[in-house]
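Q: The structure's right below; bear with me while I get my questions together.
Residue numbers (the numbering used here): -6 to 84.
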């Protein structure tokens, strides 16, 4: 028998499964002048387990996963960044 509640919270990406996760990509950083505490807002797009991409304890929607992957330096440039990092570490 069909479950009548299966589409109560559908995944907006595949529209086939229930969304059980939220996108954790940070979209805004907020610092208040009252107590100068930093906080942030996240995307919070509901996702099913198959559509969410997991990085450690964080889940990303497909759009924010693409942005996250663009943040990484290409391997040929990472070598130079690592060299500068280690060179400055021993000063």
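Even for Gly, the Cβ is constructed at its ideal location relative to N, Cα and C.
Under 6 angstroms Cβ to Cβ from residue 44, same chain only, skipping five residues before and after it: list those, please.
A: Hits under 6 angstroms: 4, 6 and 7.
Q: Count the other CB atoms, across all protein chains shown, that sit within 10 Å of the CB of residue 40; report buried if there are 16 or more and exposed otherwise.
A: Counting Cβ neighbours within 10 Å, residue 40 comes out buried, since at least 16 surround it.
Q: Throw me the rounded Cβ distance for the residue 31 and residue 18 pair, which I believe falls under 8 angstroms.
A: Actually they do not touch by this definition, with Cβ atoms about 17 angstroms apart.
Q: By Cβ distance below 6 angstroms, which residues in the same chain neighbour residue 38 in space, the five residues on each side in sequence not counted?
A: Result list for residue 38: 16 and 54, in chain order.
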